[in-house]
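Encoded as structure tokens, the structure appears first; notes follow it.
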Amino acid sequence: MTLSRTTTIGAALVVGALALTGCSTSDTDAGDATAATRTAAPTPTATPTPTADADATDGVGGTAAGAQPEDLTFEDGAELSSTRLPAFGVSVSSLPEWELTRSDPSAGSTEYTRSDGAVATVTQQRVTGLDPTMDDRAATEQLFRAAGAPVEGLEEQLLPTAGGGTAQFLSIAGQADGTWTATVARAFARPGVALTVKIDVPSREVLRDDLHEILVNAQVVIT
129 MTLSRTTTIG AALVVGALAL TGCSTSDTDA GDATAATRTA APTPTATPTP
179 TADADATDGV GGTAAGAQPE DLTFEDGAEL SSTRLPAFGV SVSSLPEWEL
229 TRSDPSAGST EYTRSDGAVA TVTQQRVTGL DPTMDDRAAT EQLFRAAGAP
279 VEGLEEQLLP TAGGGTAQFL SIAGQADGTW TATVARAFAR PGVALTVKID
329 VPSREVLRDD LHEILVNAQV VIT
């Protein structure tokens with residue numbers, strides 16, 4: 129299932145494009161993993177340098193400027209700062225079979241195409257109207273539910289973090305019109321951000337391996 133930029137959940141929650149500074153590794157153009165808002169598109173900047181100070185806080189229960197949390201469980205989401213935004217940093221050099229084929233800052237998405245025909249879309253979005261006190265798992269389930277995905281079919285995925293740990297995401301896979309698709313997503317309720325990886329592959333046999341290649345290189349960074 130694809131999470132739409134304009135999905136409305138009930139009367140309050142709207143998913144839209146996310147304003148993020150450039151968040152890519154040193155071997156990637158700064159715009160490769162950027163996103164833009166409907167109202168302003170900031171100039172991409174260099175990738176934030178992760179620090180080892182994962183325990184520092186900003187005094188209001190959030191991660192301090194420059195600090196990268198080691199793990200981001202759904203429960204850990206409540207400790208994030210509301211002003212520092214989660215983002216993806218994708219290392220293209222670690223994906224020799226993949227090519228950057230499209231970057232759309234206005235939609236907050238970047239597309240990669242594999243030599244076997246698989247297409248992966250990495251998206252970063254702002255979520256407005258989301259209750260910042262909501263548990264991140266519940267917020268993520270709400271995103272999938274809005275996209276028409278059965279919540280009972282969601283499975284957990286772990287993606288790497290810039291702090292050397294893992295971040296919890298939820299995923300679902302399916303088949304339609306001869307194409308196999310998997311979507312991996314996480315809503316961060318406190319800062320109001322959704323991170324999504326969607327992959328379309330030509331056959332079921334390559335789905336797991338192709339998705340794995342993208343996920344292990346889609347590092348979650350707190351900008």
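Each residue of the sequence shown is one higher than the last, beginning at 129 in the numbering used here. We put the beta carbon where it would ideally sit given N, CA and C, even for glycine.
Problem - Rounded C-alpha distance that separates M129 from G281 - result: Interpretation of M129 is limited by its pLDDT of 46, a score under 50 that renders its predicted location unreliable; no figure is taken from the coordinates.
Handout entry: Residue interval of the alpha helix (DSSP H) (run including R265)
Key = D264 to A274
Practice task
Select from D199, L200 and F216 the residue whose C-alpha is nearest the C-alpha of L343.
Solution key: F216
Practice task
Would you check if the distance between the CB atom of G257 and the CB atom of E198 is smaller than 7 Å?
Solution key: no
Problem - Opening and closing residue of the alpha helix (DSSP H) in which D337 lies - result: That run of the alpha helix (DSSP H) goes R332 to L343.
Exercise for the section: Return helix, strand or coil for S231, following the three-state DSSP convention. Expected result: S231: strand per DSSP, three-state reduction.
Exercise for the section: Just the C-alpha distance for F316 and S219, rounded to the nearest angstrom, thanks. Expected result: 23 Å
Handout entry: For S237, the first and last residue of its enclosing beta strand (DSSP E)
Key = S237 to R242
Practice task
Tell me whether P224 is buried or exposed, calling it buried when 16 or more other Cβ atoms sit within 10 Å of its Cβ.
Solution key: exposed
Exercise for the section: Have a look at T324 and A266 and give me their C-alpha separation to the nearest angstrom. Expected result: Taking the straight line joining both Cα atoms gives about 16 Å.
Handout entry: Member of T211, S231 and P319 whose CA lies at the smallest distance from the CA of D263
Key = P319
Problem - Same chain only: Cβ atoms within 8 Å of A313, ignoring 5 sequence neighbours per side - result: L131, T268, L271, F272, F297, L298, S299, A322, L323, T324 and V325
Handout entry: T173 classed as buried or exposed, judged by whether at least 16 other C-beta atoms fall within 10 angstroms
Key = Caution is warranted here: a pLDDT of 27 is assigned to T173, below 50, making its placement in the model unreliable, and no coordinate value can be reported.
Problem - Opposing strand residues paired with E284 [DSSP bridges] - result: L298
Problem - Coarse secondary structure for G205, derived from DSSP in three states - result: helix
Practice task
Return the chain-ordered list of same chain residues with a C-beta closer than 6 Å to the C-beta of E283, the five sequence neighbours on each side being excluded.
Solution key: So the qualifying residues of the chain are S299.
Exercise for the section: Would you decide whether R332 is buried or exposed? Buried here means 16 or more other CB atoms lie within 10 Å of its CB. Expected result: So R332 counts as exposed.
Exercise for the section: Take Q303 and list the residues in its own chain whose beta-carbon comes closer than 8 Å to its own, dropping the five residues that flank it on each side. Expected result: Once the five neighbours on either side are set aside, the close Cβ partners of Q303 are T309 and R332.
Exercise for the section: Within its chain, find whatever has a CB closer than 8 Å to the CB of D244; leave out the 5 residues flanking it on each side and keep chain order. Expected result: E225, V329, P330, V334 and D338
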